[in-house]
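Protein sequences, first through last, are from chains A and B.
In terms of this note's numbering, the first sequence is numbered consecutively and its last residue is 314.
In terms of this note's numbering, the second sequence is numbered consecutively and its last residue is 605.
For each residue, glycine too, the CB sits at the ideal point set by N, CA and C.
What you are looking at is a predicted structure, and each value in this text was computed from that prediction instead of being measured.
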Amino acid sequence: MRNRLFLFVALAVAALLFEALRLIGNEYLFFAGYVVLQYVVLATAWNILGGYTGYVNFGSAAFFALGAYSSVAVGKLVAVPVPVLMLAGGVISGVVGLGMGYLTLRLRGVFFAIATLALAVVAQTLITNWDFVGGSRGAYTIRPLVVPVLGSYVQYLFLVMLILSAVAVSIARAIERSRLGYGFATIRDDEAAAEASGVPTLRLKLIATTLSGALMGMAGAPLPYYVTYLDPASGFSLAYAVNSIAMPLVGGMTSWAGPIIGAVLLGSIQQAATVSNVFGNHPEINLLIVGLLLIIFVVAAPNGVVGLIRRRSQ
Amino acid sequence: MDFPLDLLINALAAGLLLGGFYAVVTVGVSISFGMLDIVNIAHPAFIMLGSYSAFLLSGGLGLDPILASVIALPIFYALGDLVYRIYHVAFERRGQESLRGLAFFFGLLFVTEVGLVLVFGVDYRFVEAPYIGPSLHLGLVDLPLRMLVPFAVSVLLLGALQLYLSRTFIGRAIAAVSQDAEALRLMAADPVRIKRAAFALSIATASIAGALLIIIQPVEPSMGRDYIGRVFAICVLGGMGSFPGTLLGAILLGVVESLTSTFYGPSWSPAVAFGFLLLTLAFRPAGLFGR
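Shown next as structure tokens:
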């Protein structure tokens, strides 16, 4: 029951946030906020597998981009609203996640991480060579100028992503306090011992990879409508992979709050740096900041911001 | 349809040369990952660093790029030494090397790449040397010297490293630390110092590999990523840390890639390396030539 309560609270917070932004009335806030929220979902999804279960996924960009490209493909066939596309993207990436889960049968630890990297490149090559979704030339998506009730389309996308983040965070929190979460933790701490004590490790790992992949795909599904032009290089950009690892690590991997803190912190820094143009014409500096923060945190504060706060309060 | 035999022979020859080059790219990872269990996924970024240092030294001083990379060796050795010190204090001693160590190297990869973009931009850079351009013609086969020279250097370097590891005291200690670090401690040798030397050596090879890369083709900073899959595929194929295995695995991959790009088009060739890696990891984790 408490999980349902948390979901309601999360949705209420989301509604308040949305109304507050509507009151401010600056369209750019929705535009930038969308990116931050997309990272909240990505970081939370990564953390379900990486933080709870201890399997490092370097291929977040692949799941994200597959979600985006399934929207492009479905959108070319039939006109459906974005939430439906999200479900489609979630299913596609979830199935790929399930396949990745079976890899864990043979591959533990480092080898799994390298395999996910390989998976990302294979997926990118397939999409680059698939002409139906534009191939290497990329694909244009035409979006409606206005939507009923809300008016602006960017606000609509923002709202959709906001709801998805509330749901994703609620799922992560529910897992953390359930038998499932304890099962994940036993795999992270000692997989052999867990298996020996009767934990169904394979089933748990398949749940983790599928859920994590599906959420990433859902986060990617609205992307074609947000950017209107999508090519494989930007969809599969390493920036997504780095961010979805850096954000939980900077925020803290042991708690559902960590990925949110990390995503809001790093996401806002990147958005602010882009807008204020403090670094002149070098958008790469954004990514440099993320990389440096990742290194600094992983070396100096292994449990992230959440770990720092906990240590302070003890 | 008659089978284009000369095309096939040329693709095989090009693949052989390419594979020789892949061996020198991988040898650093064979040391760090294969022998020391340090998952240095940032190695390709250090190779890009090697390319740009060869570019600077050969462009600025008019040196031969390979000579330039040999001059830069001590700098890369020192860099490797420094990286290992941080890695050891922050991860190995805390016993957190797997997940957080990986994230550390991932961050390092990213920071190096972005740093290179900021300094040099995203334009392609190249070097000049007398052997870039002419080709050797042997009957049906064309052997471009810009591929033949890296192949020769690579084979020489691998041979030298093999001798170093099997004949010198430090080399044997490195081989020992990869087998049993605890036993080494019982022999009153410091495994950490030896691992540091070995890791520094692995980064030093990136200087030479980088120079060879920029001889083969013009480079831009994000190119290193294409090599992550290749180096780990070769390292695993070659049986983790064996130099002859590395060379054979590299040549195998080079030939397969060259055939793919000749007969199916170059846009498919990245998938070959990574597909190879996925299949090897899934079905033969000990490598084709595994111990």
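Cβ of residue i within 9 Å of any chain B Cβ
i, result
"A:S234", "no"
"A:Q271", "no"
"A:G198", "no"
"A:S313", "no"
"A:V290", "yes"
"A:A300", "yes"
"A:I295", "yes"
"A:V122", "yes"
"A:I114", "yes"
"A:G252", "no"
"A:E19", "no"
"A:L29", "no"
"A:L320", "Past the edges of chain A, shown from 1 to 314, lies residue 320 of chain A, and the structure says nothing about it."
"A:L308", "no"
Short CB-CB distance (under 9 Å) between residue i and chain A
i, result
"B:F546", "yes"
"B:L350", "no"
"B:S449", "no"
"B:L591", "yes"
"B:I400", "yes"
"B:R605", "Bear in mind that the predicted position of B:R605 carries a pLDDT of just 45, short of 50, making it too unreliable to give a figure here."
"B:P505", "no"
"B:Y513", "The sequence shown places Phe at residue 513 of chain B, not Tyr. Not an interface residue."
"B:R408", "yes"
"B:P584", "yes"
"B:F424", "yes"
"B:R539", "yes"
"B:V550", "yes"
Residue range of the unbroken beta strand (DSSP E) whose run includes residue i
i, result
"A:V56", "Per DSSP, A:V56 belongs to no beta strand (DSSP E) and is neither H nor E."
"A:P144", "That residue, A:P144, is in no beta strand (DSSP E); it is neither H nor E in DSSP."
"B:L450", "S449 to L452"
Interface partners of residue i on chain B, CB under 7 Å
i, result
"A:E284", "V428, V431 and L432"
"A:I245", "A417 and F420"
Rounded straight-line distance, which links the Cα of residue j to that of residue i
i, j, result
"B:R605", "A:K76", "Legend: pLDDT at B:R605 = 45, less than 50; position of this residue unreliable, no value from coordinates given."
"B:L561", "B:S344", "11 Å"
"A:I309", "A:G251", "10 Å"
"A:A208", "A:T44", "12 Å"
"B:G473", "B:S556", "12 Å"
"B:M315", "B:E571", "Caution applies to B:M315, whose pLDDT of 44 falls short of 50 and renders its modelled position unreliable; the value that the coordinates give is listed next. Between B:M315 and B:E571, the C-alpha separation is close to 23 Å."
"B:A404", "B:R507", "16 Å"
"A:M247", "A:G307", "14 Å"
"A:Y140", "A:L164", "24 Å"
"A:A264", "A:V40", "Sequence check: residue 264 of chain A is Val here, not Ala. Using only the alpha carbons, I get a separation of about 7 Å."
"A:P259", "B:L457", "53 Å"
"B:T519", "B:A490", "20 Å"
"A:N7", "B:L350", "First, the residue type needs correcting, since residue 7 of chain A is Leu and not Asn in the sequence shown. About 47 Å."
"B:L567", "B:G543", "11 Å"
"A:N3", "A:L211", "17 Å"
Residue range of the alpha helix (DSSP H) that includes residue i
i, result
"A:D189", "R179 to D189"
"B:P388", "L387 to Y401"
"B:P464", "L459 to R481"
"B:I508", "P505 to I530"
"A:I127", "G109 to T128"
"A:E27", "E27 to N47"
"A:V9", "R2 to I24"
"B:V428", "L416 to F434"
"A:M247", "L238 to G251"
"A:Q155", "Y153 to E176"
"B:R499", "A495 to L500"
Contact set between residue i and chain A, taken where Cβ atoms lie within less than 7 Å
i, result
"B:L413", "G54 and V56"
"B:I542", "L117"
"B:F588", "A118, V121 and V122"
Residues that residue i contacts on chain A, provided the C-beta gap is smaller than 8 Å
i, result
"B:S581", "T125, T128, N129 and S136"
Where residue i meets chain B, residues with beta-carbon distance less than 9 Å
i, result
"A:R106", "L595, A596, F597 and P599"
"A:V133", "In chain order: nothing, as chain B lies at least about 15 Å away."
Where residue i meets chain A, residues with beta-carbon distance less than 9 Å
i, result
"B:A404", "V298, V299, A300 and P302"
Check: residue i C-beta below 8 Å from any heavy atom of the ligand HEM
i, result
"A:T116", "Among the components of this structure there are no ligands whatsoever, and the ligand HEM is therefore not found."
Under 8 Å by beta carbon: chain B residues contacting residue i
i, result
"A:V242", "F420, G421 and F424"
> What are the residues of the segment 352-383 of chain B that lie near chain A, defined by any Cβ-Cβ distance shorter than 8 Å?
Replying inline: V353 and I355
> Which residues, taken in chain order from the segment 556-571 of chain B, show a beta carbon closer than 9 Å to some beta carbon of chain A?
Replying inline: none
> Looking at chain B, which residues of the segment 45-66 of chain A have a Cβ within less than 8 Å of any of its Cβ atoms?
Replying inline: G50, G54, V56 and F58
>> Residues of the segment 214-239 of chain A in Cβ contact with chain B at a cutoff of 8 Å, in chain order, please.
In response: L238
> Listed in chain order, which residues of the segment 72-104 of chain A have Cβ atoms closer than 8 Å to some Cβ of chain B?
Replying inline: L103
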